[in-house]
Amino acid sequence: MPQPSAGSFTTRPERPDSAADAAAVRRILLAAFPTSEEAGLVEALRADPAAWLDGLSLLAEAPDGTPVGQALLTRCHVDGHPALALAPCAVLPPYQRTGAGTAAIRAALRAARRRGENLVLVLGHPEYYPRFGFLPASRLGIRATVDVPDDALMALVLDAEAGPVPSGVIRYPAAFGI
Numbered sequence: 001m002p003q004p005s006a007g008s009f010t011t012r013p014e015r016p017d018s019a020a021d022a023a024a025v026r027r028i029l030l031a032a033f034p035t036s037e038e039a040g041l042v043e044a045l046r047a048d049p050a051a052w053l054d055g056l057s058l059l060a061e062a063p064d065g066t067p068v069g070q071a072l073l074t075r076c077h078v079d080g081h082p083a084l085a086l087a088p089c090a091v092l093p094p095y096q097r098t099g100a101g102t103a104a105i106r107a108a109l110r111a112a113r114r115r116g117e118n119l120v121l122v123l124g125h126p127e128y129y130p131r132f133g134f135l136p137a138s139r140l141g142i143r144a145t146v147d148v149p150d151d152a153l154m155a156l157v158l159d160a161e162a163g164p165v166p167s168g169v170i171r172y173p174a175a176f177g178i
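Counted the way full-length UniProt numbering counts, the sequence shown spans residues 1 to 178.
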């Protein structure tokens with residue numbers, strides 16, 4: 001299979017109530033991760049109206065329209081102030097390292113900005129997420145309820161002029177189990 005270039009992916013929001021989109025997301029997650037835990041997480045988040053935000057599950061599609069990547073933003077809170085959690089992000093193995101994940105994440109962050117969101121948090125690879133502008137959350141006074149490496153818990157302020165960024169403890173949706 002020829003490898004697509006980063007510019008060849010289109011992105012779109014997951015369609016609400018679309019069984020085909022939900023199945024595509026599940027297929028991506030099951031292929032990208034060693035267990036079904038992330039697929040179960042997304043299904044639990046989708047069922048939680050306090051966590052799920054329509055329009056913030058973004059799919060990256062190959063040139064033929066097949067969904068090959070996904071990035072999900074859900075509602076979390078930092079000391080009671082609304083923020084977004086970026087997780088999970090996944091790409092079908094044949095499309096990893098081709099720009100599909102980057103396309104999905106960038107589309108998700110653009111969608112969050114359009115919604116007027118201001119803070120996105122991610123617990124992830126410290127060598128990957130800084131390319132999107134993420135920095136250690138501790139620099140903003142944000143911490144998790146569990147011990148995590150300082151460089152793995154990252155934050156991105158979407159609009160520095162929108163006012164003060166909350167600091168304190170992240171409260172994830174119940175589906176995360178933390």
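Glycine included, C-beta positions come from ideal geometry on N, C-alpha and C.
Using CA coordinates, which residue listed in Leu-41, Leu-84, Gly-141 is at the minimum distance from Gly-116?
-> Closest in C-alpha terms to Gly-116, from the list Leu-41, Leu-84, Gly-141, comes Leu-84.
Can you tell me which of the three DSSP states Val-42 falls into?
-> DSSP, reduced to helix, strand and coil, places Val-42 within a helical segment of the structure shown.
Can you give the Cα-Cα distance for Leu-121 and Leu-30, rounded to whole angstroms?
-> Using only the alpha carbons, I get a separation of about 23 angstroms.
Is Thr-11 near Leu-58, with beta carbons less than 7 angstroms apart?
-> In this structure, Thr-11 places its C-beta atom within 7 angstroms of the C-beta atom of Leu-58.
Which parts of the UniProt domain "N-acetyltransferase" (9-159) are runs of the beta strand (DSSP E), unbroken and 3 residues or longer, counting only runs that do not cross its ends?
-> Listed in chain order, the beta strand (DSSP E) elements of length 3 or more contained wholly in the UniProt domain "N-acetyltransferase" (9-159) are 10-13, 57-61, 67-78, 81-91, 119-123, 153-157.
Looking at C-alpha atoms only, which residue of Pro-130, Gly-133, Leu-156 is the closest neighbour of Ile-142?
-> Checking every option, the nearest Cα to that of Ile-142 belongs to Leu-156.
Using alpha carbons as the reference points, say which of Ile-170, Ala-174, Pro-130 lies closest to Gly-80.
-> Taking only the C-alpha atoms, the option nearest Gly-80 is Ile-170.
Could you pull out every residue in the same chain whose Cβ sits closer than 6 angstroms to the Cβ of Ala-71, ignoring the five residues on either side in sequence?
-> Counting only Cβ-Cβ distances below 6 angstroms, and skipping sequence neighbours, we find Leu-58, Cys-89, Ala-104, Ile-105, Ala-108.
Is the CB-CB distance between Pro-63 and Ser-138 below 7 angstroms?
-> The answer is no: Cβ separation not under 7 angstroms.
Taking the beta strand (DSSP E) that Val-169 falls in, what are its first and last residues?
-> Looking at the DSSP string, the run of the beta strand (DSSP E) that includes Val-169 is 168-171.
Beta-carbon proximity check, Ala-175 vs Leu-45, cutoff 7 angstroms | With respect to the 7 angstroms criterion, Ala-175 and Leu-45 are classified as neighbours on the basis of their beta carbons.
By how many angstroms is the C-alpha of Pro-130 removed from the C-alpha of Gly-160?
-> The question names Gly, but residue 160 in the sequence shown is Ala. Answer to the nearest angstrom: the Cα atoms are 17 angstroms apart.
Val-42 burial status per 10 Å Cβ neighbour count (16 or more: buried) | By the 10 Å Cβ count, Val-42 comes out buried.
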